[in-house]
Amino acid sequence: MTLDQLRIFVAVAEQQHVTRAANTLALSQSAVSSSIAALEAQYDIKLFHRIRRNIVLTDAGRQFLDEARAVLTRASSAGNMLSDLAGLRRGTLSLASSQTVANYWIPKVMQRFRTRYPGISLKLTITNTEQVVRQVDEGTVDLGFVEDQVDTNGLEIRAVAQDELMLVVAPTHPWAGHDSMSADIDMRDSIWVLREQGSGTRGIFEKMVRSSGVDPSELEIGLELPSNEAVRTAVEAGAGATVMSRLVAAGSLSAGTLTALHWPLPSRDFLMLRHEQRYVTEAMRAFFEMALE
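Structure (structure tokens):
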């Protein structure tokens, strides 16, 4: 049994189609079919049901799929170790990041890293905090970066930078004449524009609301949007109040399209996440050290 046979088997199992698997692997359809047939013949067992033009895993195939993936993951780790021996002259580092970190902080770190280690390819996935945690936990990325406290077993969590949150409204908002969230302002009196559930900013905002003695469900959520830029644009247009990173709001505050109210929001750390059982490559270690710079 070879690693190529395992890669072909996993691709066919995931695509449930020989031609699509062949295209994914840049192989001919006949080469993929021959590899599967040889594997089945070698162990005298059927891994797939052939139903018309489709193929479906047998029970044996389903059980073998987990083992095949585990072997390929281990082989990938071995390859990463060899990249270490090459002294960071080649390799790949996969990253996942929540939006605020991805748009306003991590690109500068990635640029410094590429300048110092041009042979290391960087791949970044941008999503919300919840999804970043899931990707790191499942091992589909090497490192994750988020802007909220996370409590997940099996992950190493390290602070790499700090961010400041602020409450902002449009100049036409009824609160715009106030310098701060004073006792005579009830947060239930405004419509709110917020990021989606699962985002770090949304999570911190809801914690602050609860600490003020208000249930977040009592607030009127006018818009729930999937990006910081969409939230900022909507608030500038007068859609309601929001809490966002100073990094996101800075340009609008300077332009006068947003007004900030003092509210004792906590500063938050930008966090790096790593699976505790994942081998720490030299590329991972070097990126972390650069992030701390």
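For the sequence shown, position 183 (counting from the first letter as 1) is numbered 192 according to my numbering, and the numbering increases by one without interruption.
Where a beta carbon is used, it is the ideal one built from N, C-alpha and C, also for glycine.
Notebook entry, point to check: If Leu97 and Glu227 are in contact, beta carbons under 8 Å, what's the gap, nearest whole angstrom?
Noted result: 53 Å between Cβ atoms; not a contact.
> How would you label Leu234, buried or exposed, when you count the other beta carbons within 10 angstroms and need 16 or more for buried?
Replying inline: Buried, since its Cβ has 16 or more Cβ neighbours within 10 Å.
Open item on the list: In whole angstroms, give me the CA-to-CA distance for Val244 and Pro183.
Closed with: The C-alpha of Pro183 is placed about 13 Å away from the C-alpha of Val244.
| said: Please state the DSSP three-state secondary structure of Ser191. | reply: Annotated three-state conformation of Ser191 is coil, per DSSP.
Name the residue from Ala179, Val223, Val159 and Asn112 whose alpha carbon lies nearest to the alpha carbon of Gly212. Among Ala179, Val223, Val159 and Asn112, the Cα nearest to that of Gly212 is on Val159.
For Gly148, tell me which candidate among Arg29, Leu104, Phe296 and Asp278 has the shortest Cα-Cα distance. Taking only the C-alpha atoms, the option nearest Gly148 is Leu104.
Assign Ser220 to buried or exposed, taking buried as 16 or more other Cβ atoms, counted over all protein chains shown, within 10 Å of its Cβ.
Exposed.
(Q) I'd like the span of the alpha helix (DSSP H) that includes Ala185, first residue to last. (A) DSSP places Ala185 outside any alpha helix (DSSP H), giving it a letter other than H or E.
*Would you call the CB atoms of Arg283 and Val145 closer than 8 Å?*
In this structure, Arg283 lies near Val145, with their beta-carbon atoms less than 8 Å apart.
Checklist entry - Do the region 203-217 and the region 236-254 meet, that is, are 3 or more Cβ pairs less than 8 Å apart? => result Yes, since at least three Cβ pairs between the region 203-217 and the region 236-254 fall closer than 8 Å, the two stretches touch.
My parser needs the alpha helix (DSSP H) runs of 4 or more residues fully inside the region 197-224; what are they? Whole alpha helix (DSSP H) segments, 4+ residues: 209-220.
Q.
Can you check which of these residues, Val155, Lys117 and Arg167, is closest to Phe297 by C-alpha distance?
A. Nearest option by C-alpha distance: Arg167.
| request: Note down, in chain order, each residue of its chain lying with its Cβ closer than 7 Å to the Cβ of Ser199, except the 5 sequence neighbours on either side. | output: Trp184, Gly249 and Ala250, listed in sequence order.
Checklist line | Contained beta strand (DSSP E) runs [length at least 3] in the region 112-195, N- to C-terminal order | finding: The qualifying runs are 129-136, 152-155, 164-172 and 174-178.
- [ ] Can you check the region 66-105 for any alpha helix (DSSP H) of at least 4 residues that lies completely inside it and give the ranges in chain order?
- [x] Taken in chain order, the complete alpha helix (DSSP H) segments of 4 residues or longer contained in the region 66-105 are 68-94.
Discussion item. For Pro273 and Ala22, I'd like the C-alpha separation in whole angstroms.
Written reply: Approximately 53 Å between the Cα atoms of the pair.
Limits of the alpha helix (DSSP H) - the one that Asp13 falls within: Asp13 -> alpha helix (DSSP H) spans Leu12 to Gln24.
**Asked** Do you know offhand how far Leu15's Cα is from Gln108's?
**Response** If I take the Cα positions, the gap works out to 36 Å.
For Glu229, which residues does DSSP report across the bridge?
When DSSP reads this structure, Glu229 sits in a beta bridge with Ile200.
Count the other CB atoms, across all protein chains shown, that sit within 10 Å of the CB of Val65; report buried if there are 16 or more and exposed otherwise. In summary, Val65 is exposed, with fewer than 16 beta-carbon neighbours lying within 10 Å of its beta-carbon over all protein chains present.
* Asked: Since Ile64 sits in a beta bridge, which residues does DSSP pair it with?
  -> BP columns for Ile64 point to Arg59.
According to DSSP, is Ser43 part of a helix, a strand, or is it coil?
The answer is helix: DSSP assigns Ser43 an H, G or I state.
Using the three-state DSSP reduction, which class does Thr242 fall into: helix, strand or coil? In this structure, Thr242 counts as helix in the three-state DSSP scheme.
If you draw a straight line from the C-alpha of Leu174 to the C-alpha of His26, how long is it?
Rounded to the nearest angstrom, the two C-alpha atoms are 49 Å apart.
Worksheet item: With burial defined as no fewer than 16 other Cβ atoms inside 10 Å of the residue's Cβ, what is the status of Glu156: buried or exposed?
Response: Flag for Glu156 reads buried.
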